[in-house]
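Just so we're aligned: 210 in the numbering used here is position 42 of the sequence shown, and the numbers increase by one with no gaps anywhere.
Structure, as structure tokens:
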Amino acid sequence: MLIKFILILILLPNVLIANTNDYCIAKTNIEKVIGLTKFNTKEEFIKKCNGKMIFIYENNNCRFFTMKNMKFNIYIKDEKNTSLFKINERKKVCGKKIIEYVK
């Protein structure tokens, strides 16, 4: 299973996140797992997603997001709060739409 995951990361780096002119959208499970970890720098994230990624969920539930494998800090916004999300942190977020962005 881990080998499949690694192959996906290597072979499909530009297909994993839906990209619009304004931001990136993560709807599928694999897009959500990959999230921002595919970007090596804040500048790369800004260039490819205009510094904003939206995670879309079917249910209005709470879930945990982690910054374990991230390379830069971001801001995270759920239905109630907006806060700085630092490398190695884990946060509980709630809602159908979670937004991660940089300033």
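We put the beta carbon where it would ideally sit given N, CA and C, even for glycine.
Per the Cβ contact rule, the region 246 to 263 is not in contact with the region 196 to 211 (fewer than 3 Cβ pairs under 8 Å). Within the model, the alpha-carbon separation for E212 versus K264 is close to 26 Å. Under the DSSP definition of a beta bridge, V261 partners with R231. Counting other Cβ atoms within 10 Å of its Cβ, F232 stays below 16 and is therefore classed as exposed.
Going by beta carbons, K260 and I244 fall outside the 8 Å limit.
Here DSSP, grouped into helix, strand and coil, assigns I193 to strand. Excluding sequence positions up to five before and after D246, its CB lies within less than 6 Å of the CB of V261, C262, G263, I266, all in the same chain and listed in chain order.
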